[in-house]
Structures are given as C-alpha cells and as structure tokens.
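Numbering (my numbering), first residue to last: 1 to 561.
A short worksheet on the structure shown next.
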C-alpha cells in the first residue's frame with residue numbers, strides 16, 4: 001500500500017468527522033482494492049455516521065474487488081439513506097455478488113437477509129432464484145413474506161419465457177421433502193405460482209386444493225388458481241364447487257367462491273345452487289343467488305322469486321339483480337306482478353322485468369294493457385309503472401290501445417280520464433303525433449287558461465300543441481278549429497300564447513286568433529283577439545272576416561256546429 005493510501009486509511013480511523021468524510025471521499029475517487037483499505041471503509045460504513053458513511057459506501061461501490069461486497073452487506077440493514085445505494089451497488093456486480101448474497105440470506109441477521117433477498121430478486125438470474133427458493137425452504141415467516149413481495153415485483157417485469165422458467169423451479173421446489181414438511185415453505189411456493197399465472201401450474205394447484213391438504217395450503221392454492229382460471233375444465237369446476245359446501249369458511253369456502261364467481265357454473269353443480277340458498281353462511285347464500293342469475297332453469301327461477309320475500313334486505317337485492325339476468329323467471333314475475341297491490345313493490349317488479357321486456361309474450365302484453373287502462377281510469381298509482389314496462393314490451397300496441405280508449409273517453413266528455421290515459425306516453429316522448437294531439441286537446445279542456453305569461457308557460461297543453469306545430473300534413477290549426485269539444489275561448493287562449501312567438505308558431509297563433517274573430521265578430525272575445533293581432537303587428541286582413549280563405553270559413557262553420 002502506498003504512503004498516500006495508508007495516510008488516508010489512518011484518517012478514516014480518527015475521531016474528526018470532517019476528516020473522516022474527506023478521506024472517504026478521496027478514496028471513493030481512487031477506488032482502491034487492498035484489503036486494509038476495504039476493512040477501513042467497511043468500519044466507517046458500519047458506523048452509519050453521515051457524511052463519512054455515505055462516502056465510504058461510494059468508495060466501496062467504486063472498488064473492483066469482490067471483497068467489497070462483504071463490507072457493503074451490513075449497509076442493507078443500516079440507515080434508510082444507505083440501504084438503497086448499497087443494494088444498487090451490490091446488484092450492479094451481478095453474479096460476482098451471488099456467493100456473498102447466498103451466505104447472507106441464510107445466515108445473517110434478519111434485516112441483512114431481507115436486504116439480500118431484495119438484491120437477489122433484482123439480479124433475477126437462475127442462480128439468484130435458486131438462492132431465494134432455498135431461503136424460502138427454511139420456513140422463516142418474516143423472510144418468506146419479504147421474499148414473496150420482492151419476487152412479485154420481479155415477476156411483473158418478466159416475459160413469458162422468464163415466468164415459465166421460474167414456475168418450473170417452483171414446481172420442483174414444492175416437490176422437495178423439506179418443503180412438503182413445512183407449511184410456511186409450501187405456502188410460499190403456492191403464493192409464487194399465483195403470481196406467475198403459468199397454465200402448467202393448474203394440476204399442482206388443484207392437488208394442493210384437495211381436502212387432504214392442510215387448510216392454509218388449500219387457501220393459498222385456491223387463491224392462486226384465479227391466475228389460471230381459464231385453464232380449468234368442467235370437471236375441475238365441478239370439484240371446486242363441492243368445496244363451497246364445506247365448513248371451513250375462511251380457508252376454503254370464501255376463496256372457492258371468489259374463484260368460481262366469474263366462471264360458468266358446470267352442469268354437474270347447477271342443481272346444488274338451490275340447496276345452497278339454505279346455507280348458514282351468508283357468503284354461500286349470496287354466491288348461490290348470484291350464480292342462479294345465469295342458470296336458466298325453472299328451479300332456479302322459482303328459488304330466486306321466493307327470495308324476494310327474504311327477511312334480509314341484502315339477499316332480496318341480490319335476488320332482484322339475478323332475476324334481471326334470468327329470462328326463465330319472466331312467467332313467475334308476471335304472475336307476481338298481476339297480484340301485487342303495493343305500488344312500491346310493483347315498481348320493483350317492473351324494474352326486474354324491464355331487461356326481459358322483449359320476451360313478454362304478445363298475449364301477456366295485451367292483458368297487461370287492459371289492466372293498465374283499468375288502472376288509469378281508476379287513478380291507480382301502479383299505472384305509471386305498468387305503462388313504463390309496456391312501452392318497452394309492446395310500444396305500438398300500447399299506444400294504439402291507449403289512444404283508442406282516450407278518444408272514446410274524450411267524446412264522452414271524460415277529459416280527465418282521457419288526459420291520464422295519454423299523459424304517461426307524452427311525458428316520456430313515446431307518443432305518436434295523433435296521441436300527442438288528443439292529449440293536448442284533453443289537457444286544454446282541463447286547463448285553467450290563465451292568461452299571464454307565467455301561467456301559460458307552466459301549462460302542459462301548450463307544450464304538447466307546440467310539439468305538433470310545423471309537422472307536415474298534420475293540419476294542426478284546421479284540426480283544432482274543427483274540434484267539436486273546443487270553444488272560442490280555448491282557441492283564443494292557444495292563439496294568444498303562440499301569437500307572441502316567432503316563425504311558424506307565430507303564424508299558427510295568428511290563424512287561431514283570426515278564426516276566433518270570424519266566429520263572432522261582435523263578441524268581446526273577438527275584440528280581444530283583434531287587439532292581440534294589432535298588438536303583435538299581424539297584417540290587417542287577419543282581422544277582417546270577409547278576407548278569410550274558404551278553408552278557414554269551412555273550419556268555422558264546422559266549429560259552429
């Protein structure tokens with residue numbers, strides 16, 4: 001060793017922190033490899049005193065001697081600011097660091113062992129993985145947790161070939177007698193197979209999930225099987241479904257449920273679901289109800305409908321959700337709907353039937369339409385819900401039936417009943433132009449006809465009439481003027497409102513006001529109509545009944561009749 005290097009080593013052993021830090025910094029630049037220098041730097045690094053320890057670490061990391069690794073290892077358990085740089089320095093040496101890391105992970109104190117595990121996982125070679133598996137075989141719970149966490153991070157960055165290679169190593173690891181005798185060691189291997197998600201792990205995981213295995217290993221195997229769920233056969237699924245009937249809820253039943261939840265129910269297990277509804281475990285009952293949503297059988301449908309009366313709200317909600325996915329339940333739900341008197345529960349049944357609306361037979365839809373008409377005429381609160389369902393099940397027949405009945409009621413003077421008959425269709429935008437017109441007429445008869453702007457803008461009949469203005473070939477103005485049940489006052493009210501607007505709406509309002517003038521030129525209502533026409537700057541010919549068109553005169557004649 002040259003005198004300068006010797007002097008620097010002497011400085012490292014002195015008490016002055018600044019002098020020690022300066023010496024360590026110079027040695028970091030020189031990168032010496034002599035054992036005495038490495039020993040001195042290791043002593044400073046082990047002290048953890050900043051900043052000398054940081055420069056000592058840099059000097060050891062810069063050394064080309066493998067012996068520097070032995071001095072760096074204690075830093076893996078040192079102060080937080082030294083651990084990561086030490087791990088980086090050791091990992092950069094790759095295979096040269098393996099002998100020291102293998103010894104450390106087996107024989108050092110736990111903090112150094114966990115640090116060594118982190119570096120081995122980063123190196124990621126076959127030899128590094130072998131060292132990690134050897135450490136797992138010892139069965140130290142704390143170390144096993146750390147190794148699994150570090151390997152999970154490494155596995156996320158691996159390609160398919162790398163995962164296959166590591167999976168093969170884990171399979172051999174699980175076959176070792178020492179591992180088989182230690183639950184912690186075996187559980188660690190199963191956890192790794194769950195991270196790897198390699199299809200060839202299926203058989204191994206199924207074997208560890210069998211009842212003869214310890215509960216902890218069965219739990220780990222069932223969790224790991226989620227990663228290879230697509231590889232499971234119908235026979236596998238049937239065997240796994242039987243585990244749900246066991247008594248060990250935490251270790252077996254719950255992980256089996258989570259594994260099977262997104263998978264199709266095998267035919268061999270379908271019949272068991274009905275029986276599982278009576279299980280004392282809520283998780284099992286919930287699973288059975290959920291899976292029966294995809295089980296298109298009369299037994300499943302009957303069971304789900306029965307659960308609508310379950311005392312537990314959560315079970316009822318699950319049954320409702322499953323019924324929305326089960327078309328076999330439609331006949332039972334329709335039967336229950338017809339018998340349901342409570343409006344709130346009636347709405348619930350309608351929501352369940354909504355996804356199956358297209359599957360409701362035409363005869364059933366017709367019967368429900370007749371029921372809807374009866375409910376509407378009676379003011380039954382269930383009518384809105386039934387109309388909601390029928391608009392999705394049979395919109396055209398529904399619209400035709402309601403329109404026919406509404407027109408008949410209107411002709412009898414039952415305007416309130418006619419308005420209720422069509423309001424639901426108009427409100428939801430499902431009405432034809434004719435239905436909208438008839439609804440507007442009925443609503444106009446019921447309107448208070450308040451002339452203030454605020455009252456008019458809140459009047460539904462004017463909104464409905466506005467929807468029809470401008471529709472080609474409908475002839476709205478002529479139809480309103482010829483409507484037998486409408487008098488001059490109602491026409492004046494509509495004309496007054498639309499005369500204030502623009503374009504076609506303004507023109508429509510002017511025609512109605514002109515028609516009112518022609519019906520009785522000397523009446524007070526005609527005078528009001530003339531004033532409104534003048535105020536809104538309509539042409540004078542609209543005020544003069546002698547200048548009206550032949551078509552408008554015909555319309556007036558009809559209205560007088």
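We treat Cβ as the ideally placed atom computed from N, Cα and C, and that holds for glycine.
On a predicted model such as this, the values are computed, not experimentally measured, just so you know.
- If you check the CB distance, residue 185 and residue 234 do not come in under 9 Å.
- Judged by beta-carbon spacing, residue 382 lies within the 9 Å limit of residue 340, meaning their Cβ atoms are closer than that value.
- In the DSSP assignment, residue 479 falls within the alpha helix (DSSP H) that extends over 476-482.
- Within the region 196-274, the complete alpha helix (DSSP H) runs of at least 4 residues fall at 202-208, 215-224, 234-243, 254-260.
- Residue 178 counts as exposed, since fewer than 16 other beta carbons sit within 10 angstroms of its beta carbon.
- Taking C-beta atoms under 8 Å as the contact rule, residue 136 and residue 149 fail to qualify, at a distance of about 12 Å.
- Residue 98 and residue 128 have their C-alpha atoms spaced approximately 7 Å apart.
- The region 212-229 makes no contact with the region 264-279: fewer than 3 CB pairs, one atom from each, lie closer than 8 Å.
- In the structure shown, residue 369 adopts helical secondary structure according to DSSP, grouped into three states.
- Residue 509 and residue 444 have their C-alpha atoms spaced approximately 15 Å apart.
- Cβ-Cβ separation between residue 218 and residue 252: approximately 6 Å, consistent with a contact (criterion under 8 Å).
- Judged by DSSP secondary structure, residue 312 falls outside any alpha helix (DSSP H); it is assigned neither H nor E.
- Between residue 359 and residue 327, the C-beta spacing is below 9 Å.
- Annotation for residue 85: the continuous alpha helix (DSSP H) segment containing it runs 80-92.
- A direct Cα-to-Cα measurement between residue 374 and residue 254 gives close to 50 Å.
- Taking the Cα of residue 46 as reference, the smallest distance to any Cα among 103, 7, 95, 112 is reached at 112.
- Contact annotation: residue 106 and residue 86 have beta-carbon atoms that are not nearer than 9 Å.
- Annotated three-state conformation of residue 169 is helix, per DSSP.
- Every alpha helix (DSSP H) stretch that sits fully inside the region 106-171 and reaches 4 residues is listed by chain position as 110-123, 126-137, 141-156.
- Our two residues, residue 242 and residue 175, have alpha carbons roughly 26 Å apart in a direct line.
- Of the candidates 421, 101, 391, 68, 421 places its Cα closest to the Cα of residue 379.
- In the three-state DSSP reduction, residue 70 falls in the helix class (H, G or I).
- Taking 9 Å as the cut-off, the Cβ atoms of residue 110 and residue 143 count as close.
- Per DSSP, reduced to three states, the secondary structure at residue 497 is helical.
- In the displayed model, residue 294 falls within coil according to three-state DSSP, outside both helix and strand.
- In this structure, residue 323 places its C-beta atom within 9 Å of the C-beta atom of residue 308.
- Rounded to the nearest whole angstrom, the CA to CA distance from residue 459 to residue 436 is 15 Å.
- Separation of residue 94 and residue 40 (C-alpha to C-alpha, rounded to the nearest whole angstrom) is 24 Å.
- In this structure, residue 456 places its C-beta atom within 9 Å of the C-beta atom of residue 497.
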